[in-house]
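Structure, as structure tokens:
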Amino acid sequence: MKNVKSQEAPGSAQGRVLLEREPGERRVATLSFDHAARRNAVSVAMWRDLGAVCAEVARDPELRCLIVRGAGDEAFVSGADISEFGSVRSGADDERAYEQTSGGAMAALAALEIPVLALIHGFCIGGGAAIALACDLRYAAEDAVFAIPAARLGLGYSQAGIERLVQLVGGARAKEIFFTARRYTAEEALRIGFVEAVHPKHELDATVREIAARIAANAPLTLRAVKRAVRESQRDPARRDPAAMQAAIDACFASDDYSEGVRAFLEKRTPRFRGR
18 MKNVKSQEAP GSAQGRVLLE REPGERRVAT LSFDHAARRN AVSVAMWRDL
68 GAVCAEVARD PELRCLIVRG AGDEAFVSGA DISEFGSVRS GADDERAYEQ
118 TSGGAMAALA ALEIPVLALI HGFCIGGGAA IALACDLRYA AEDAVFAIPA
168 ARLGLGYSQA GIERLVQLVG GARAKEIFFT ARRYTAEEAL RIGFVEAVHP
218 KHELDATVRE IAARIAANAP LTLRAVKRAV RESQRDPARR DPAAMQAAID
268 ACFASDDYSE GVRAFLEKRT PRFRGR
């Protein structure tokens, strides 16, 4: 898979989104938000790039797990790039266009069929929190700081982002996060259920990569079926698609991977899953 990034040159004012693999590793990739001058704040160009990266990931049959992180060690994503708001979010029409771009990118991230892990260090604020919420699992460094300061800016937060937060931490806690607009430490985020675990900063990268490798070694169709079932279970019952959930389960039992998994268990060896 090639790197996908914005059209601007590296280090440009608009930032960039990168998709990279470890040498020799085809099953795990890392998506990085790279906008060092603004603590990885996401520009409109970067929102567009995020959609392109997600499309690239979705087309790759070899990819089993995606890690999402901020470039450097100061921030995951410090929010949307507020310096652009005067030109790209100056009124209701502009806001709808902006939301279509940013919301579409986050929807594409949330819709990926493979597991997506957020590796969070430093600032995870506003749009950064929304990106983390669109991931399946979130792992934080001890220095991580979380906040959704929409009420300090007077902006309306996306319905999809609020729904994901409510599903994760509950309605009352979500209201506290929005009403107070205060910052939460990594330990507070762990206590309220926003993140799965907190690790020393110098261990976070290796720990998340180890988790990703463990996930990537498992049966892709099973992971896909679980992710689909969890997503459907969080919808209103009237909007659920039980036929799609059952089809994903049936695909597991009809797969070569199921036969391989049983054989490997009986032969006491590590299974070699191929995703079919």
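The sequence shown begins at 18 in the numbering used here and counts up one residue at a time.
We put the beta carbon where it would ideally sit given N, CA and C, even for glycine.
Note that the structure is a prediction, hence the values are computed from the model and not measured.
Could you give the C-beta distance for residue i and residue j, rounded to a whole number, given that I count them as a contact under 8 Å?
i	j	result
A88	L126	That belief does not hold up - the Cβ atoms of A88 and L126 are roughly 17 Å apart, past 8 Å.
W64	S100	Wrong, their Cβ atoms sit about 14 Å apart, outside the cutoff.
I142	G96	5 Å
V70	V34	6 Å
R56	A92	4 Å
F290	A236	5 Å
S175	E79	Actually they are not in contact, since the Cβ atoms of S175 and E79 sit about 32 Å apart, beyond 8 Å.
Can you tell me where the beta strand (DSSP E) with residue i in it begins and where it stops?
i	result
T224	Counting along the chain, T224 falls outside any beta strand (DSSP E), though it belongs to the alpha helix (DSSP H) covering 218-233.
D51	45-51
E37	33-38
R65	Premise fails: R65 lies in the alpha helix (DSSP H), 61-76, not in any beta strand (DSSP E).
R86	82-87
L238	Unbroken run through L238 is the alpha helix (DSSP H), 237-250; no beta strand (DSSP E).
R155	154-158
I142	140-142
A168	First-last for A168: 167-170, but that is the alpha helix (DSSP H), not the beta strand (DSSP E).
A164	162-164
I137	133-137
In the DSSP assignment, the alpha helix (DSSP H) including residue i goes from what residue to what residue?
i	result
C269	259-270
Y275	273-284
A203	203-209
A198	Where A198 is concerned, there is no enclosing alpha helix (DSSP H), given that its DSSP letter is neither H nor E.
A97	Run containing A97: none; DSSP gives neither H nor E here.
Determine the burial state of residue i: buried for a count of at least 16 other Cβ atoms within 10 Å of its Cβ, exposed for fewer.
i	result
D274	buried
A58	buried
H219	exposed
G41	exposed
L283	exposed
Q31	buried
P217	exposed
V133	buried
G188	exposed
A167	buried
R81	buried
D267	exposed
V74	buried
A72	exposed
D253	exposed
A255	exposed
G28	Unreliable placement is indicated for G28, whose pLDDT of 43 sits below 50; the coordinate value is still reported in the next sentence. Result: exposed.
F211	buried
A62	buried
Taking the alpha-carbon of residue i as reference, which of the options has the nearest alpha-carbon?
i	options	result
H138	E116, V215, G278	V215
V94	A157, R286, A114, Q176	A157
L83	T47, G32, R113	T47
A54	P132, D90, T239	D90
F50	V85, A268, A72, R38	V85
R181	A281, D160, A147	A147
D77	S60, L129, A246, E116	L129
G121	E73, E159, N235, A177	A177
A234	S60, E277, A62, L185	E277
R38	R169, A191, A230, A62	A230
G207	G144, R190, S60	A small correction: the amino acid at residue 207 is Leu; Gly does not occupy that position in the sequence shown. Measuring from the Cα of L207, the nearest candidate turns out to be R190.
S60	G145, R43, R280, Q251	G145
R199	D222, A62, R169, Q251	R169
Would you kindly check if the distance between the Cβ of residue j and the Cβ of residue i is under 9 Å?
i	j	result
T197	V162	no
I165	K244	no
R257	E249	yes
E193	L154	no
R286	S272	no
A135	A149	yes
T239	C269	yes
E204	E159	yes
V186	I209	yes
Compute every distance between the C-beta of residue i and the non-hydrogen atoms of the ligand GDP, then say whether any falls below 8 Å.
i	result
V183	Inclusion of the ligand GDP in the displayed structure is not the case, the ligand content being empty and no account of it being possible.
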